[in-house]
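Counting the sequence shown from 1 gives a position; our numbering is that position plus 1.
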Amino acid sequence: MSKINMKQWVNDVIARKDVAAIPVMTHPGIELIGKTVRDAVTDGNVHFEAIKALYERYPSAASCVIMDLTVEAEAFGAEIVFPENEVPSVIGRLLTDEAAIETLAVPSLDKGRVPEYIKANRLAAEHLTDRPVLAGCIGPYSLAGRLYDMSEIMMLIYINPDAAKMLLSKCSQFITNYCLALKEAGANGVVMAEPAAGLLSNEDCQQFSSEFVKDIIEQVQDDHFAVILHNCGNTGNCTPAMVYTGAMAYHFGNKIDMVEAIKGVPADTLAMGNLDPVSLFKMGTPETMRKETLALLEATKDFPNFVISSGCDTPPETPFENIDAFYAAINEFNQSRA
Numbered sequence: 002m003s004k005i006n007m008k009q010w011v012n013d014v015i016a017r018k019d020v021a022a023i024p025v026m027t028h029p030g031i032e033l034i035g036k037t038v039r040d041a042v043t044d045g046n047v048h049f050e051a052i053k054a055l056y057e058r059y060p061s062a063a064s065c066v067i068m069d070l071t072v073e074a075e076a077f078g079a080e081i082v083f084p085e086n087e088v089p090s091v092i093g094r095l096l097t098d099e100a101a102i103e104t105l106a107v108p109s110l111d112k113g114r115v116p117e118y119i120k121a122n123r124l125a126a127e128h129l130t131d132r133p134v135l136a137g138c139i140g141p142y143s144l145a146g147r148l149y150d151m152s153e154i155m156m157l158i159y160i161n162p163d164a165a166k167m168l169l170s171k172c173s174q175f176i177t178n179y180c181l182a183l184k185e186a187g188a189n190g191v192v193m194a195e196p197a198a199g200l201l202s203n204e205d206c207q208q209f210s211s212e213f214v215k216d217i218i219e220q221v222q223d224d225h226f227a228v229i230l231h232n233c234g235n236t237g238n239c240t241p242a243m244v245y246t247g248a249m250a251y252h253f254g255n256k257i258d259m260v261e262a263i264k265g266v267p268a269d270t271l272a273m274g275n276l277d278p279v280s281l282f283k284m285g286t287p288e289t290m291r292k293e294t295l296a297l298l299e300a301t302k303d304f305p306n307f308v309i310s311s312g313c314d315t316p317p318e319t320p321f322e323n324i325d326a327f328y329a330a331i332n333e334f335n336q337s338r339a
């Protein structure tokens, strides 16, 4: 297990002459080992083998675990559907009214698939020691939306903000416990996905997401554990609220102007993003992949804290030719600058 000093790692990435790449990518690894998405999201050993397969094939500056935004909701008791080759999804609504929020218990970490995800992180941390292993978790507002229903939670924050905050604090408590367990398992950081908060104004995002995320970060982030806050719903409306949280890195989706996003991020933290995972990585051609990758690298060349990434998790059945073209373009750009 590698005790990587993540503050030092962030500084080193910023000091590098070349641009580092950390695509949020595990599904191609599942395909490399001939397994299904369902296998990987239900079995920590398969999940780890997928991470390892990508680690061996591509020079990512960190290894990412699957971005699965159903694990925590399932632990609370939400019903999950598991298609064979797509990411799982929450069906129905666990909490049907405000009274259900009051009686909701914060689950233990042995519920649902949480133990399998902790296992995948432990195995990755034990075996892939020369670069950080980045776990994944959901953000509090996105989790609340999955338990209460996404449009209902948006109404609840106006109708009964106290009930919304009670739910958010229960969600945050569970996420904190989960992050501490991932840290204990040896993960060097966590990509916290809070896409639903991107649908809010900056003020609401601050009040109903960032205050809670900041509290989680204060409890889990230290020299050896980084929080990377991912919000692919943010189109530029809530970057200040994201930065308020004090994360070590901010990860942006493809809907935002990446240069504008970087300008809003402190120079001593990383700004990551934001090539379209669907239209480019999955549906594009190697030539468009190369062209768009080079264009983004060119646009962001004056920002040493930029890390090139996909705007979100690359989906199942992303062609390897496109991933190869992504890395080849980064290589081409870095060599041209050397």
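Even glycine gets a Cβ: it sits at the ideal position worked out from N, Cα and C. Everything numeric in this text was worked out from a predicted model, so none of it was measured.
DSSP has residue i in a bridge; who is on the other side?
i, result
"valine 91", "Ile81"
"glycine 45", "Bridge partners of glycine 45: none, in fact."
"phenylalanine 209", "Beta-bridge pairing links phenylalanine 209 to no other residue."
"asparagine 232", "Phe253"
"glycine 190", "Leu135, Ala227"
"alanine 22", "Ile309"
"serine 64", "Val134"
Looking only at its own chain, which residues have a Cβ that is under 7 Å from the Cβ of residue i, when we skip the five neighbours before and after it?
i, result
"threonine 240", "Ala262, Gly265"
"threonine 357", "Nothing about residue 357 can be read from this structure; the chain reaches only from 2 to 339."
"aspartate 1", "Residue numbering for the chain in the displayed model covers 2 to 339; residue 1 lies beyond these limits and cannot be assessed."
"lysine 171", "Leu105, Val107"
Under DSSP, the alpha helix (DSSP H) around residue i begins and ends at which residues?
i, result
"alanine 242", "240-245"
"tyrosine 30", "The sequence given here has glycine at residue 30, not tyrosine. Glycine 30 -> alpha helix (DSSP H) spans 28-33."
"tyrosine 328", "321-338"
"tyrosine 1", "Limits of the chain in this structure are 2 at one end and 339 at the other, which puts residue 1 out of reach."
"alanine 296", "287-300"
"lysine 36", "Counting along the chain, lysine 36 falls outside any alpha helix (DSSP H), and DSSP gives it neither H nor E."
"alanine 262", "259-264"
"methionine 7", "7-16"
Just to confirm before moving on: does the CB-CB distance between residue i and residue j stay below 7 Å?
i, j, result
"alanine 51", "threonine 27", "yes"
"valine 11", "methionine 249", "yes"
"arginine 147", "alanine 74", "yes"
"alanine 198", "serine 210", "yes"
"proline 89", "valine 42", "yes"
"alanine 76", "lysine 53", "no"
"alanine 268", "asparagine 235", "no"
"asparagine 6", "aspartate 223", "no"
"alanine 182", "isoleucine 119", "yes"
"alanine 330", "leucine 295", "yes"
"glycine 45", "alanine 136", "no"
"threonine 319", "proline 133", "no"
"asparagine 255", "glycine 187", "no"
"isoleucine 67", "valine 82", "no"
"threonine 270", "glutamine 220", "no"
"valine 47", "aspartate 314", "no"
"asparagine 86", "proline 317", "yes"
"aspartate 163", "arginine 94", "no"
Return the chain-ordered list of same chain residues with a C-beta closer than 6 Å to the C-beta of residue i, the five sequence neighbours on each side being excluded.
i, result
"phenylalanine 213", "Pro141, Leu169, Ser173"
"histidine 231", "Val192, Ala194, His252"
"isoleucine 23", "Ser61, Ala62, Ala63, Val308, Ser310"
"aspartate 19", "Asn335"
"leucine 124", "Phe49"
Leaving out the 5 sequence neighbours to the left and right, which residues in its chain are closer than 8 Å to residue i when beta-carbon positions are compared?
i, result
"asparagine 323", "Leu281, Phe282, Lys283, Gly285, Thr286, Pro287, Met290"
"alanine 1", "The chain is shown only over 2 to 339; residue 1 falls outside these bounds and no answer can be derived."
"leucine 129", "Ile52, Lys53, Tyr56, Ser64"
"leucine 298", "Val20, Ile309, Ala330, Ile331, Phe334"
Taking the beta strand (DSSP E) that residue i belongs to, which residues open and close that run?
i, result
"leucine 276", "271-276"
"isoleucine 309", "307-311"
Quick check: is any heavy atom of the ligand HEM less than 6 Å from the C-beta of residue i?
i, result
"asparagine 275", "Ligands in the displayed structure: none, and consequently the ligand HEM is not present."
>> Give the list of continuous beta strand (DSSP E) stretches no shorter than 3 residues that lie fully inside the region 95-142.
In response: 134-139
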